[in-house]
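To convert, take the position in the sequence shown, counting from 1, and add 29; that gives the working numbering. Glycine included, every Cβ here is placed at the ideal spot set by N, Cα and C. Below: the structure, in structure tokens.
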Amino acid sequence: MFYYAAKIISFLILPANAALVLGLFGLIASFTRRFQRFGRFLLGFSILAFAVMGLSPLGSIMIAPLEERFPPPAFATSDDLSPTNPDLPKIAGIIVLGGAVDTHISTTRHETALTDSAERMTAVAGLSRQFPDTKIIFTGGVGSLAGQIWGDISEADASRQLFRSFGVPDDRMLFENRSRDTYENAEFTYAMLKPQPGQRYLLVTSGYHMPRSMALFRKAGFDVIAYPVNYRTAGPEDAWRPFYSMSDGLRQCNLAAREWFGLLAYRLTGRIDDILPKP
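Below, the structure is given as structure tokens:
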């Protein structure tokens, strides 16, 4: 029930969707006598909201605290990419979170179609060479309601061939293909791996998604090291950098709002211990 409620509510509260709904209400109300002035106000507010979200750096300001929360580990920024790098931690496995595979296109085109979060997947190519004896664990089913209705293949099933193309042998790969959101990623992966005390895992996901992911995997019982990828900002300087395409700005605002909503919802329901977990 939580999954379905979260999907519906998150759709309605996304800034761009909310502004559109307000604008439509305003347009309808503007044709009535009683609410004409209020309708025009809502319509004007909707247009202004679209302009601010689409062109101002608001989305980058919202997403920056999420991306800066967990810096990459030392070995990720080192020039030494060899397996003998002294900064490499001892890890039991590399956990890669879903969210980077378009399951609908992958189903119809019979190939692994990646989204704009592709770095979650491509990071496996380098990490598999840096940690040549470590398992690669991918977790992700069909996250969208539409994909479940259409019968899309899971992200895990679509990812196997891609990892093979990176040179990762089958005996190094594990796939969890039932999870629909990050909470289920953590729970189902824990049930599959049954990590032992002292075992540490590398957690690979987008920088903006890392706080929620770390909180959930810690809560599930994992000892995880954050390996953020797929940044959406260049850093603090983007707080002054406007967008030149409204669609880019709106996408950034929606992305940030969805993460903050997810953190708040998981904290209120007790699924995580902190809205912004500590590094």
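Cβ neighbours of residue i in the same chain (closer than 6 Å, five flanking residues each side left out)
{"i": "Thr136", "result": "Asp181, Ile182"}
{"i": "Leu95", "result": "Tyr237, Pro240, Glu288"}
{"i": "Ala244", "result": "Ile301, Pro306"}
{"i": "Pro308", "result": "Phe99"}
{"i": "Arg296", "result": "Ile304"}
Check whether residue i and residue j have beta carbons under 8 Å apart
{"i": "Ile165", "j": "Val130", "result": "no"}
{"i": "Arg158", "j": "Asn259", "result": "no"}
{"i": "Leu56", "j": "Gly68", "result": "yes"}
{"i": "Ala255", "j": "Met239", "result": "yes"}
{"i": "Ile123", "j": "Phe290", "result": "no"}
{"i": "Met221", "j": "Leu203", "result": "yes"}
{"i": "Ala185", "j": "Gly172", "result": "no"}
{"i": "Leu191", "j": "Thr141", "result": "yes"}
{"i": "Ala58", "j": "Leu71", "result": "yes"}
{"i": "Ala48", "j": "Ala78", "result": "yes"}
Three-way DSSP call (helix, strand, coil) for residue i in this model
{"i": "Phe290", "result": "helix"}
{"i": "Phe79", "result": "helix"}
{"i": "Tyr33", "result": "helix"}
{"i": "Arg69", "result": "helix"}
{"i": "Leu43", "result": "coil"}
{"i": "Asn283", "result": "helix"}
{"i": "Tyr219", "result": "helix"}
{"i": "Gly264", "result": "coil"}
{"i": "Asp303", "result": "coil"}
Paired residues, beta bridge with residue i - DSSP
{"i": "Phe167", "result": "Val125, Phe204"}
{"i": "Tyr256", "result": "Val233"}
{"i": "Leu143", "result": "Val130"}
Own chain residues within Cβ distance below 7 Å of residue i, not counting five before or after
{"i": "Ala154", "result": "Phe195"}
{"i": "Thr163", "result": "Ile120, Gly122, Ile123"}
{"i": "Ala103", "result": "Asp116"}
{"i": "Pro265", "result": "Ala93"}
Any non-hydrogen atom of the ligand MG closer than 7 Å to residue i Cβ
{"i": "Gln159", "result": "Among the components of this structure there are no ligands whatsoever, and the ligand MG is therefore not found."}
Residues near residue i by beta carbon distance below 8 Å, same chain, minus five either side
{"i": "Phe272", "result": "Gly83, Leu84, Ser85, Pro86, Gly88, Gly278, Gln281"}
{"i": "Thr262", "result": "Ser89, Ile92, Ala93, Glu96"}
{"i": "Glu112", "result": "For clarity, residue 112 is Pro in the given sequence; the question names Glu instead. The answer, listed in chain order, is Arg158, Gln159, Phe160, Pro161."}
{"i": "Ala286", "result": "Ile42, Leu43, Pro44, Met91"}
{"i": "Ala147", "result": "Ala129, Asn259"}
{"i": "Pro224", "result": "Ala121, Tyr230, Gly250, Phe251, Asp252"}
Contact between the segment 271-289 and the segment 85-92: three or more CB pairs below 8 Å? Taking 8 Å as the limit for Cβ pairs, the verdict is that the segment 85-92 does touch the segment 271-289.
Between the segment 93-107 and the segment 48-55, do three or more beta carbon pairs fall short of 8 Å? No: the two stretches stay apart, fewer than three of their Cβ pairs being nearer than 8 Å.
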